[in-house]
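J.:
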Amino acid sequence: GQQLNQSPQSMFIQEGEDVSMNCTSSSIFNTWLWYKQDPGEGPVLLIALYKAGELTSNGRLTAQFGITRKDSFLNISASIPSDVGIYFCAGQDEAGKGGAQKLVFGQGTRLTINP
Amino acid sequence: GAVVSQHPSRVICKSGTSVKIECRSLDFQATTMFWYRQFPKQSLMLMATSNEGSKATYEQGVEKDKFLINHASLTLSTLTVTSAHPEDSSFYICSATGVLSDTQYFGPGTRLTVL
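One line per chain: the protein sequences are A and B, in this order. The first sequence maps to residues 138 to 252 in this note's numbering. The second sequence maps to residues -5 to 109 in this note's numbering.
(1) Quick one, which of B/L20, B/Q23, B/M41 has its alpha-carbon nearest B/Y30's?
(2) I'd like the list of long-range same chain contacts for A/G245, defined as Cβ closer than 8 Å, with 5 residues on each side in sequence excluded.
(3) Could you give the first and the last residue of the continuous beta strand (DSSP E) run that contains A/Y172?
(4) Which value, in whole angstroms, describes the spacing of the CA atoms of A/R247 and B/H1?
(5) Between A/S209 and A/L186, how many whole angstroms is the CB-CB distance? I'm expecting something under 8 Å.
(6) Report, in whole angstroms, the separation of the C-beta atoms of A/Q140 and A/N251, which I expect to be a contact under 8 Å.
(7) Which partner residues does B/T43 have in the DSSP bridge list?
(8) Could one say the Cβ of B/Q0 lies closer than 9 Å to chain A's Cβ atoms, at least one of them?
(9) Going by Cα to Cα distance, which pick from A/P176, A/E154, A/I204, A/W169 is closest to A/L183?
(10) Once the 5 residues before and after A/R107 are set aside, which same chain residues still bring their CB inside 7 Å of it?
(11) Have a look at the DSSP bridge pairing and note the partners of B/G92.
(12) If I'm right that B/V(-3) touches B/D21 with Cβ under 8 Å, what's the distance once you round it to whole angstroms?
(13) Should A/G236 be flagged as near chain B, meaning a C-beta pair shorter than 9 Å?
(14) Going by CA-CA distance only, name the one from B/T25, B/T107, B/L68 that's closest to B/Y86.
(15) Do B/F61 and B/T76 have their CB atoms nearer than 9 Å?
(16) Among all the DSSP beta bridges, which residues are the ones paired with A/D208?
(17) Beta carbons nearer than 9 Å to chain B: which residues of the stretch 160 to 186 of chain A have them?
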């Protein structure tokens, strides 16, 4: 089925460094979302993007919805230890007949921070 | 707001038995609930979509007779893994969307181990 290409798969950085990750797709999505998942937990929504070209910030996080609607990036500035986890991008299609809007997830970026 | 809970958080069962996992939206009415499966170090894979009062729609390759989904109310959906086998061991996560928003909010997940 559909899949997003998310990169990098893993990152090892020093505390205080900035982080950048991105997702690309061969398909157009109407919405791009970024989630963070801690071990043994469900994903938590970080940022939702609804319009092509949209740039949205949430604290130290900034994400953009690509103008072609086929890509998105997430930046984290001045990383701190609690940023450790797995970050997933997700694309959301238009609602189907049943009103459900499926999500398609990227493979995830595992972020490790050295103090 | 938008809190989703799952019960149990962990379950261990013998091969051949059935296991029921509950997903509840605590502070909103969930018109649509989604069930995902996540294997170690992999992304979330959508299993099925359920709308309240309707039969669930299963993704290709997911056996509907093995993974029974019931969405009897606007706050509760259940996933029953029937005749579980060790290969069904995984992390099962539900999500829900409400009337006012298409954003999916995820539960904390249920770790199923089949011996």
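The beta-carbon is built from N, C-alpha and C at its ideal position, and this holds for glycine as well.
T.: The answer reads as follows:
(1) B/M41
(2) Q143, Q146, Q174, I223, Y224, F225
(3) 168 to 174
(4) 27 Å
(5) For A/S209 against A/L186, the beta-carbon gap comes to about 6 Å, under 8 Å, which counts as contact.
(6) 31 Å between Cβ atoms; not a contact.
(7) B/F28, B/T51
(8) With 9 Å as the cut-off, B/Q0 counts as an interface residue toward chain A.
(9) A/W169
(10) This structure cannot settle anything about residue 107 of chain A, because the visible part of chain A is limited to 138 through 252.
(11) B/A24
(12) 5 Å
(13) Note that A/G236 scores a pLDDT of 49, beneath 50, so its modelled location is shaky and nothing firm can be said.
(14) B/T107
(15) yes
(16) A/T161
(17) T168, L170, Y172, Q174, G177, E178, G179, P180, V181, L182, A185
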